[in-house]
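Trainee: From first to last, the protein sequence lines stand for chains A and B.
Each residue of the first sequence is one higher than the one before, counting from 2 in this note's numbering.
Each residue of the second sequence is one higher than the one before, counting from 807 in this note's numbering.
Backbone N, C-alpha and C fix where the C-beta goes; we use that ideal spot for every residue, glycine too.
Questions regarding the structure given below will be posed in turn.
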Amino acid sequence: MMCNILSQIDTSLLVAVVLMALIGLLLGLIIGIVAKLFKVETDPRIELVTSLLPNANCGGCGRAGCADFAKAVVAGEVAPNQCPASSQETVSAIAKALGIEASTSFKKVAVVLCGGDKNQTKNWTLYNGVSDCRSAMLIAGGPKACSYGCLGMASCVRACPFGAIEIINGLAIVHSEKCVGCGKCVATCPRKLIKLVPAGSKVHVYCNNPEKGPAKKKYCNVPCLGCRKCDKNAPGKFKFEGFHAIVDYEAAEQPTLQDLDTIKCPTNCLLSAQEHLAIEENNPDHLEKSSANAESK
Amino acid sequence: MTENYLELTIGAVFVYNFVLTRFLGICPFLGVSKKIETALGMAGAVVFVMTLASFCTSVIYHYLLHNEALAAKGINLGFLQLIIFILIIAGLVQVVEIILQKLSPKLYSALGIYLPLITTNCAVLGVATINANVGRAVLPSTVFAFFSGLGFGLALLMFASLREKLDLAEVPKVFQGMAIALITAGILAMAFMGFAGLC
């Protein structure tokens, strides 16, 4: 009797163990074969970059997780430094693994393509509403006579997590040394006049209005007239949209500071970023205000 | 054995809803219900995996675990049910994921991230276990699993759309976030209790 029960337990136990082992083996085999048969060739660099990333899947880069970001980095769509959670070491490790320059070749900065501060461009009406560009846009398109120019109500300043944008004389100006190129301001600006440009480009056309020159001249002192002087003096570095020039940021060569001297833009809307900043900062209004601020401090 | 298909279909979706009546699969119900889009993806993946897994497990159940030839020899493998089900489901999802990635990258990118999430989801295992406990045949089991998946999807979708509305609502500070989500889930569950006794 005892022996009988024991043998029965033994067979059940034996069958169970063998069965489990068999099923495990079979499943492992199937998965192995299927993985071989249905192998998808993926770029091994994607996996490499993914392993270097923080893998927190925070979505801060605007992509669906770290793997997706790695894919975009390998494809060259975004720079490794676009990951807000990565330290500088991580970024340079990724750049090194991919054989690209960490920041110089890819870094982008934002630039507000408008030179019409409150003294240069007229307002066609008064605006007493909430001081926010998007609110102002909702009411007859805002108070500025130029319907493409900067409204100067600091929506982008509030959007910038790095404090890189400042309103000077009613005009938003990006301090490019603080800008990391996250693009938050680009998404915020209701007039779509902030652009991410390669950090290497120093010269920009500070006008975003595609209308004809004489029409712009009526309300703005510093519009792009569409005279094509820049294109003639520095061919291949500009392109035209409507009647205004844009620096061709995709071109191999970007306009240099020397080009500025030969072009001599008649309305001074083609400027280097430094000049643009200097013009606004040296404006008497601004100087008065900042000295008053310094005194009060 | 004749099956009441009304119970297997309408019953699975409303009366015995997996999330709201049986309280299985609460984790994805709370986790992936912030956006309707992701909820839809998850629901699709669950329907798919549930149906497939139930089919396989009920085949295993009937032809291996409760094999009459084996039982006649005094070998009863019923006690292996749980562990074999888990193994089968996990392996199956893995295989499906690999095949999907190759054959339909589009479907993979839509379901892909959710598939590993439900490998060992209790709702998927729950369907298989319920089917086994009742002793359902293969076809009714598969039908039941498919409609249970639909029921899960319905609950998830309803909850996700409620949560999207909640994001815009003014919620008292103490209830903000997960608290109000849990209260909402509770009310939803109470509403579904109203179907009890329908079939």
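What residue does the alpha helix (DSSP H) around VAL949 of chain B start on, and which one ends it?
Mentor: Mapped onto the second sequence, residue 949 of chain B falls at position 143. Run containing VAL949 of chain B: 944–974, per the alpha helix (DSSP H) assignment.
Trainee: Grab me the residues of SER106 of chain A's own chain with a C-beta within less than 6 Å of its C-beta, minus the 5 sequence neighbours each way, in chain order.
Mentor: Within the first sequence, residue 106 of chain A is the residue found at index 105, counting from 1. Bear in mind that a pLDDT of 44 at SER106 of chain A, under 50, signals an unreliable position, so the model cannot answer this.
Trainee: The beta strand (DSSP E) that contains GLU178 of chain A, what's its start and end?
Mentor: Here the question's residue 178 of chain A lines up with position 177 in the first sequence. Neither: GLU178 of chain A is in no beta strand (DSSP E) and is coded neither H nor E.
Trainee: Rounded to the nearest angstrom, how far is the Cβ of PRO211 of chain A from that of GLY164 of chain A, given a contact under 8 Å?
Mentor: In the first sequence, residue 211 of chain A corresponds to position 210, counting from 1. In the first sequence, residue 164 of chain A corresponds to position 163, counting from 1. Between GLY164 of chain A and PRO211 of chain A the Cβ distance is about 31 Å, and since that is not below 8 Å, they are no contact.
Trainee: Comparing C-alpha positions only, which one of A:SER148, A:VAL131, A:SER132 sits nearest to LYS123 of chain A?
Mentor: As a first step, residue 123 of chain A is located in the first sequence; it is residue number 122 there, counting from the start. Comparing Cα positions, the closest option is A:SER148.
Trainee: Once the 5 residues before and after LEU272 of chain A are set aside, which same chain residues still bring their CB inside 8 Å of it?
Mentor: Taking the first sequence and counting its residues from 1, the one referred to as residue 272 of chain A is at position 271. Excluding sequence neighbours, LEU272 of chain A sits near GLY116, VAL204, HIS205, TYR207, LEU261, CYS266, ILE280.
Trainee: LEU194 of chain A: buried (16+ other C-beta within 10 angstroms of its C-beta) or exposed?
Mentor: Against the first sequence, residue 194 of chain A aligns to sequence position 193. The residue in question, LEU194 of chain A, is buried, as its Cβ has 16 or more Cβ neighbours within 10 Å.
Trainee: Quick check on DSSP: helix, strand or coil for GLU251 of chain A?
Mentor: Numbered from 1 along the first sequence, position 250 holds the residue referred to as residue 251 of chain A. Three-state result, GLU251 of chain A: coil.
Trainee: Fully enclosed by the segment 76–152 of chain A, which beta strand (DSSP E) runs are 3 residues long or longer?
Mentor: 109–113
Trainee: Please confirm if the segment 936–955 of chain B is in contact with the segment 857–867 of chain B, defined as three or more CB-CB distances below 8 Å between the two stretches.
Mentor: yes
Trainee: Would you check whether the ligand PLP has a heavy atom nearer than 8 Å to the C-beta of PRO215 of chain A?
Mentor: For the ligand PLP, the structure offers nothing, since it holds no ligand at all.
Trainee: Once the 5 residues before and after ALA252 of chain A are set aside, which same chain residues still bring their CB inside 7 Å of it?
Mentor: To locate residue 252 of chain A, count along the first sequence from 1; it is residue 251. So the list reads GLY237, LYS238, once near-sequence residues are dropped.
Trainee: The beta strand (DSSP E) spanning PRO199 of chain A covers which residue range?
Mentor: Residue mapping note: residue 199 of chain A aligns to position 198 of the first sequence, counting from 1. Start and end: 195–199.
Trainee: Along the beta strand (DSSP E) that carries SER52 of chain A, what are the first and last residues, could you check?
Mentor: Translated into the one-based positions of the first sequence, residue 52 of chain A becomes position 51. Run containing SER52 of chain A: none in the beta strand (DSSP E); it sits in the alpha helix (DSSP H), 45–53.
Trainee: Identify the contact partners of LEU921 of chain B in chain E, using a Cβ-Cβ distance below 9 Å as the criterion.
Mentor: The question asks about chain E, but that chain is absent: this structure's protein chains are A and B.
Trainee: Going straight from the alpha carbon of VAL19 of chain A to that of TYR869 of chain B, what length do you get?
Mentor: Locating residue 19 of chain A in the first sequence gives position 18, where the first residue counts as 1. Locating residue 869 of chain B in the second sequence gives position 63, where the first residue counts as 1. Straight-line Cα distance between these residues: approximately 17 Å.
Trainee: Please state whether DSSP places ALA246 of chain A in a helix, a strand or coil.
Mentor: Residue mapping note: residue 246 of chain A aligns to position 245 of the first sequence, counting from 1. Residue state, collapsed to three classes: strand.
Trainee: For a quick check, are the C-beta atoms of GLY959 of chain B and LEU836 of chain B less than 9 Å apart?
Mentor: Looking up residue 959 of chain B in the second sequence gives position 153. Looking up residue 836 of chain B in the second sequence gives position 30. No, they are not a contact pair.
Trainee: What are the start and end residues of the beta strand (DSSP E) that includes SER839 of chain B?
Mentor: Counted from its first residue, the second sequence places residue 839 of chain B at position 33. SER839 of chain B -> no beta strand (DSSP E), and no H or E assigned at all.
Trainee: Kindly identify the DSSP beta-bridge partner or partners of HIS205 of chain A.
Mentor: Within the first sequence, the letter at position 204 stands for residue 205 of chain A. The partner list for HIS205 of chain A (beta bridge, DSSP) reads A:LEU272.
Trainee: For MET21 of chain A, which residues in chain B fall below 9 Å Cβ to Cβ?
Mentor: Position 20 of the first sequence, counted from the first residue, corresponds to residue 21 of chain A. Correct list: LEU886, ILE889, ILE890, LEU893.
Trainee: Identify which residue in B:LEU974, B:LEU963, B:ILE905, B:SER947 has its Cα closest to the Cα of ASN810 of chain B.
Mentor: Here residue 810 of chain B is taken as the residue at index 4 of the second sequence, counted from 1. Out of B:LEU974, B:LEU963, B:ILE905, B:SER947, B:SER947 has the C-alpha closest to the C-alpha of ASN810 of chain B.
Trainee: Under a three-way DSSP split, which group does ILE866 of chain B fall into?
Mentor: As a working mapping, residue 866 of chain B is identified with position 60 in the second sequence. DSSP, read as helix, strand or coil, puts ILE866 of chain B in helix.
Trainee: Just curious, the beta strand (DSSP E) that ILE881 of chain B is in, first and last residue?
Mentor: Position 75 of the second sequence, counted from the first residue, corresponds to residue 881 of chain B. Where ILE881 of chain B is concerned, there is no enclosing beta strand (DSSP E), given that its DSSP letter is neither H nor E.
Trainee: Suppose you measure from the CA of LEU812 of chain B to the CA of LEU956 of chain B; what does that come to, to the nearest Å?
Mentor: Within the second sequence, the letter at position 6 stands for residue 812 of chain B. Within the second sequence, the letter at position 150 stands for residue 956 of chain B. Near 15 Å, if we compare the C-alpha coordinates of LEU956 of chain B and LEU812 of chain B.
Trainee: With a cut-off of 8 Å on the beta carbons, I'd call VAL35 of chain A and ILE890 of chain B a contact; round off their distance for me.
Mentor: Residue mapping note: residue 35 of chain A aligns to position 34 of the first sequence, counting from 1. Residue mapping note: residue 890 of chain B aligns to position 84 of the second sequence, counting from 1. That pair is no contact at about 20 Å.
Trainee: Helix, strand or coil, according to DSSP, for PHE998 of chain B in the structure here?
Mentor: The residue given as residue 998 of chain B occupies position 192 in the second sequence. Correct three-state label for PHE998 of chain B: helix.
Trainee: Answer yes or no: do VAL16 of chain A and ARG46 of chain A have a C-beta to C-beta separation smaller than 9 Å?
Mentor: Position 15 of the first sequence, counted from the start, is the residue given in the question as residue 16 of chain A. Position 45 of the first sequence, counted from the start, is the residue given in the question as residue 46 of chain A. Contact: no.
Trainee: Between which residues of its own chain and LEU278 of chain A is the CB-CB distance below 7 Å, once the five residues before and five after are set aside?
Mentor: Walking along the first sequence from the start, residue 278 of chain A turns up at place 277. Contacts found: ILE174.
Trainee: Between which two residues does the beta strand (DSSP E) containing ILE169 of chain A stretch?
Mentor: Within the first sequence, numbered from 1, the residue matching residue 169 of chain A stands at position 168. Following the DSSP letters along the chain, one finds ILE169 of chain A inside the beta strand (DSSP E) bounded by residues 166–169.
Trainee: Can you pull the chain B neighbours of PHE39 of chain A, defined as C-beta to C-beta under 8 Å?
Mentor: Here the question's residue 39 of chain A lines up with position 38 in the first sequence. Going along chain B in sequence order, the residues near PHE39 of chain A (Cβ under 8 Å) are ILE904, ILE905, GLN907, LYS908, LEU909.
Trainee: How big is the Cα-Cα spacing for CYS270 of chain A and LYS145 of chain A?
Mentor: The sequence position of residue 270 of chain A within the first sequence is 269, counting from 1. The sequence position of residue 145 of chain A within the first sequence is 144, counting from 1. If I take the Cα positions, the gap works out to 18 Å.
Trainee: What residue does the alpha helix (DSSP H) around ARG159 of chain A start on, and which one ends it?
Mentor: As a working mapping, residue 159 of chain A is identified with position 158 in the first sequence. Unbroken alpha helix (DSSP H) run through ARG159 of chain A: 156–160.
Trainee: From the beta carbon of LEU870 of chain B, is the nearest beta carbon of chain A less than 9 Å away?
Mentor: Here residue 870 of chain B refers to the residue found at position 64 when the second sequence is read from its first residue. At least one CB atom of chain A sits nearer than 9 Å to the CB of LEU870 of chain B.
Trainee: Taking the straight line between their C-alpha atoms, what separation do you get for ASN284 of chain A and GLU167 of chain A?
Mentor: Indexing the first sequence from 1 puts residue 284 of chain A at position 283. Indexing the first sequence from 1 puts residue 167 of chain A at position 166. Whole-angstrom Cα-Cα distance: 15 Å.
Trainee: Is any beta-carbon of chain A found at less than 9 Å from that of ASN882 of chain B?
Mentor: Working through the second sequence from its first residue, we reach residue 882 of chain B at position 76. Yes, ASN882 of chain B lies at the interface with chain A (some Cβ there is under 9 Å from its Cβ).
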